[in-house]
Amino acid sequence: MTDPWVIETAALTKRYGDLEAVRQLDLRVASGHITGFLGRNGAGKSTTIKMLLGMSRPTSGSGRLLGLAIDDARESREARRHVAYVAEDKQTYAYMTVAQMIAFTRSFYDDWRPEVEARLLKQYDLPLRRRVKALSKGMRTKLALLLALARRPKLLILDEPSEGLDPVSIEELLQSLVGAAADGTTVFFSSHQIAEVERVADHVCVIDRGRLVVDASLDEIRREFRRLEFAFAAQPVESDWRGEDVSSIQANGRHLTVLVKRNADAIVERAYAAGATSVESTAVSLREVFLDAVSPQA
Amino acid sequence: MRFRLNPTSTQPLYLQLTQQIRHAVEIGELQPGDVLPGIRTLAEQLVVSPNTVVKAYADLESDGVLEMRHGAGAFVAGRRRTKDRSDRVRQAQERVRALVERLGDDGFSEDEIQRLVEAELFYRVPDRKR
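Just so you know, the sequences run in chain order A and B.
This note's numbering puts the first residue of the first sequence at 703, with every later residue one more than the last.
This note's numbering puts the first residue of the second sequence at 292, with every later residue one more than the last.
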């Protein structure tokens, strides 16, 4: 597939009665990367993923998964043959044993890799004869990962995979994601854990109240995003500072705090030209970018 | 060879890795001809995106520090460094370590120390560049 985007949506919207769960979402996820999909609980992450996978119908707008239309039954089915999905609840078939679940899933896919199945079984230490419903949350996640990775999916989508896992299991999970990416699988995972996205993701998309509010590479955030604090002799006009490169502005008397996405140097020069008496520039973490971008109420 | 990346640092992860490998070569911990871990191995070990490792290796290759051999991975390039040079780099490292420790004792945070050093390099080196 030569398409650079494995996921591409245009004005994708989902309405439940009065509630707009996803609003005019333009989301693009690049092939060959690990992308973190961050947002608060209820921000629209799961709804977006369900629409992408044909499990929920968009109210309006459109989307493509591996270049195929998500609201066309035949194209969606074709796309999903190359996509593995680890759901949030990971319920699968509770009455089956781990061994039955693996055998059952294996029968659906001709790209199943027995050697990966064997390696992950050993690595995850899964109890083959235990029923799925008796597994701990960590074990269930590992089983879901095994079922996803034993195939060779082009795209792996995970919905809050680390939710409810202990730190050791999270480490193993992240390692598996990194390993899948090294095998050439594009990874898209939702999370509200900033720290884990900061560690393994190449790119981050932040969704808030159904809208995309941040879309940047982690390198870009580390290198270009800056918090600039200016002091002026006279009270500055806040609106003078709005612009493409500026993501937020806070004015407090003669002081102005600006969070910039790029071109910090140019904005500093402008501040000096406008009579700034002091200028301070500090780098910002993903946590600050996130808190700045999302609204305080869910 | 153990590398440590700090995801909350303001420096891109691949740059941190690039610097640590370069440093290991400078102090002679990595010698010409030594093989580096494969991309998957190192990514899993550090729990970072494989692209981080790819970028670091690519940068070091274009700087002539590493050599990529098809199917065999990444090797440290060049001739062996003289012991003299490695010793001097190591001594310099001792001095920097002592300074960082002293600043830490004086109550400066790692971030503050890093900014001080970066500011010094950024603003003063251009006048003296060889």
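Where is the CB? At the ideal position from N, CA and C, for every residue including glycine.
As the structure is a computational prediction, the values presented were derived from the model and not from experiment.
Check	Outcome
Per-residue burial, Leu721/A [other beta carbons within 10 Å of its own, 16 or more giving buried]	exposed
According to DSSP, residues forming a beta bridge with Gln952/A	Thr959/A
Ser893/A versus Val962/A - alpha carbon distance	24 Å
is_contact[Thr309/B, chain A] using C-beta, thresh 7 Å	no
Of the listed residues Leu304/B, Ala363/B, Arg293/B and Arg313/B, nearest to Asp904/A (C-alpha basis)	Leu304/B
Cβ separation of Phe932/A and Ala973/A, assumed to be a contact under 8 Å, to the nearest whole Å	5 Å
Contact list for the segment 865 to 876 of chain A against chain B, Cβ threshold 8 Å	Glu873 and Leu876
CA-to-CA distance, Ala820/A to Ala786/A, given in whole angstroms	18 Å
DSSP three-state assignment for Glu922/A, whether helix, strand or coil	helix
Assigned secondary structure, Ala976/A (DSSP; H/G/I helix, E/B strand, else coil)	coil
Arg815/A Cβ short of 6 Å to the ligand ZN heavy atom set	For the ligand ZN, the structure offers nothing, since it holds no ligand at all.
Contact the segment 771 to 788 of chain A vs the segment 847 to 855 of chain A: 3+ CB pairs below 8 Å	yes
Cβ of Asn297/B within 7 Å of any chain A Cβ	no
Residue environment, Gln422/B, which counts as buried when at least 16 other CB atoms sit within 10 Å	This structure cannot speak to residue 422/B, because chain B is shown only from 292 to 421.
Residue-level contact to chain A via CB, Lys420/B, 7 Å cutoff	Because Lys420/B sits at a pLDDT of 44, beneath the cut-off of 50, its placement in the model cannot be relied upon, and the point is left open.
DSSP-derived helix/strand/coil call for Thr843/A	helix
Cβ-Cβ distance between Val889/A and Leu879/A below 7 Å	yes
8 Å Cβ cut-off: residues of chain B touching Ile736/A	Ser340 and Asn342
For Arg725/A, the first and last residue of its enclosing beta strand (DSSP E)	Leu721 to Leu727
Cβ shell of Asp418/B (< 8 Å), same chain only, five flanking positions each side left out	The predicted position of Asp418/B is uncertain, since its pLDDT is 49 and thus under 50; no value can be drawn from it.
Nearest candidate by alpha-carbon position, reference Ile709/A, set Ala836/A, Arg730/A and Ile909/A	Arg730/A
7 Å Cβ cut-off: residues of chain B touching Arg643/A	The question about residue 643/A has no answer, for chain A in this structure spans 703 to 1000.
Anticipated Cβ contact below 8 Å, Val380/B with Asp325/B, distance rounded	That pair is no contact at about 17 Å.
Check whether Val908/A and Ala995/A have beta carbons under 7 Å apart	yes
Below-7 Å beta-carbon distance, Val970/A vs any chain B residue	no
Enclosing alpha helix (DSSP H) for Lys856/A [first to last residue]	Taken as a continuous stretch (DSSP letters only), Lys856/A belongs to no alpha helix (DSSP H), as it is neither H nor E.
Cβ pair count under 8 Å reaching 3, the segment 851 to 866 of chain A against the segment 824 to 831 of chain A	no
Own chain, CB closer than 6 Å to Ala852/A, minus 5 neighbours either side, in chain order	Trp814, Arg815, Val818 and Glu819
Boundaries (first-last residue) of the alpha helix (DSSP H) holding Phe806/A	Val800 to Arg808
Under 7 Å from the C-beta of Ala985/A: neighbouring residues of chain B	Thr301
7 Å Cβ cutoff met for Glu898/A and Pro298/B	no
Nearest residue (CA-CA) to Val1012/A, options Tyr797/A, Leu993/A and Ala775/A	Residue 1012/A is absent from the structure shown; chain A starts at 703 and stops at 1000.
Span separating the alpha-carbon of Gly395/B from that of Ala389/B	10 Å
Within-7 Å CB hit, Pro863/A to chain B	no
Residue nearest to Glu352/B in terms of C-alpha spacing, selected from Glu392/B, His361/B, Ser340/B and Ala365/B	Ala365/B
Range of the contiguous alpha helix (DSSP H) that encloses Ala796/A	Segment: none, Ala796/A is in no alpha helix (DSSP H) and carries neither H nor E.
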